[in-house]
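Visitor: The numbers in the sequence shown follow numbering that gives the first Met the number 0, run straight up by one, and end at 233.
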Amino acid sequence: MKKQTNLFILTLSVLHILIFTIQPIPASAIKTPNVVMTKQYKNIENLKYPTLISAPNNKAQNQVNKIFLQHIKHSYKRYFKWMKEMEKMKTDPICKESPSVCKFEYITNYKVKFNSNNKLSIIFNDYQFTGGAHGNTVISSYNFDLKSGNQLTLDDFLTSEREYEKVTNYALAYMKKHPEIFYSDSTEFADFKVTNETNFFLSDKGIVLIFQQYEVGPYVSGNPSILIPTSVFQ
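So this is what it looks like as structure tokens:
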């Protein structure tokens, strides 16, 4: 009986400690990402695009989804053009000799690069192969404030020419240190400059610049990226 009493007292003590030492997690500290779903445009497997389904408000959600829909519609026009072109080429003798040369492709996909604190970064990849040694991919970056639905540009983070200059210099120094990724000849960067038109996505550590094929490196490097820490421009 004494052992049971002691055990009961010990249990009450532990519960007392837990109640008074464990504090509830503030709602602001819980990062619940907004949900992004994948859709196929016109049920075409090669044309995938994102749809936001849980933004803070319907107005913002509709604004973001409208931009995504505009992108996939443009992709569809290019896809349709190349599929028609491929059909026309089927009678060409070269297609019988080398079938792979006449097998055109157009693929649109995307990646969620950042989804936190009501900020969203999406990268679209539009790949096309129309013969030749290899295909080409064009990237398009979209960054949003999900509370307002407004699209964010580099001007929202780099607010002066001086800050743009700092980011440009940081990127140039990074590229020179990594010739295995970027062009090894520094003259290739003579006109390089980060502008409001430069593709980027958000990161917990800052912003990430992302480039088109051949823009800052050879084809084998794909779409190279450079993290610009917040400390560089703020």
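All residues carry an ideal CB built from backbone N, CA and C; glycine is no exception. Computed from a predicted structure; not experimentally measured.
Looking at the secondary structure, which residues open and close the alpha helix (DSSP H) in which LYS65 lies?
Guide: Where LYS65 is concerned, the enclosing alpha helix (DSSP H) stretches over 57–88.
Visitor: To the nearest angstrom, how far is it from the Cα of PRO92 to the Cα of PHE191?
Guide: Going by the C-alpha atoms only, they are around 44 Å apart.
Visitor: For VAL166, count the other beta carbons within 10 Å of its own beta carbon; 16 or more makes it buried, fewer makes it exposed. Which is it?
Guide: Buried: at least 16 other Cβ atoms inside 10 Å.
Visitor: Is it right to say LYS204 is buried, meaning 16 or more other beta carbons lie within 10 angstroms of its own, or is it exposed?
Guide: Exposed is the call here.
Visitor: Taking DSSP as the reference, what is the three-state secondary structure of ILE93?
Guide: Here ILE93 sits in helix by DSSP.
Visitor: Under a three-way DSSP split, which group does THR107 fall into?
Guide: Three-state DSSP puts THR107 in a strand.
Visitor: Nearest-angstrom Cα distance between SER185 and GLY216?
Guide: Going from the Cα of SER185 to the Cα of GLY216 covers about 11 Å.
Visitor: Is there contact here, the stretch 156–176 with the stretch 125–139, by at least three beta-carbon pairs under 8 Å?
Guide: No, because fewer than three Cβ pairs between the stretch 156–176 and the stretch 125–139 fall closer than 8 Å, the two stretches do not touch.
Visitor: Per the contact definition of three or more C-beta pairs closer than 8 Å, is the stretch 145–160 in contact with the stretch 174–183?
Guide: No, they do not touch.
Visitor: Which of the three DSSP states, helix, strand or coil, is assigned to PHE191?
Guide: It is coil, neither helix nor strand.
Visitor: Mind checking which residues open and close the alpha helix (DSSP H) that includes ASN168?
Guide: Looking at the DSSP string, the run of the alpha helix (DSSP H) that includes ASN168 is 160–176.
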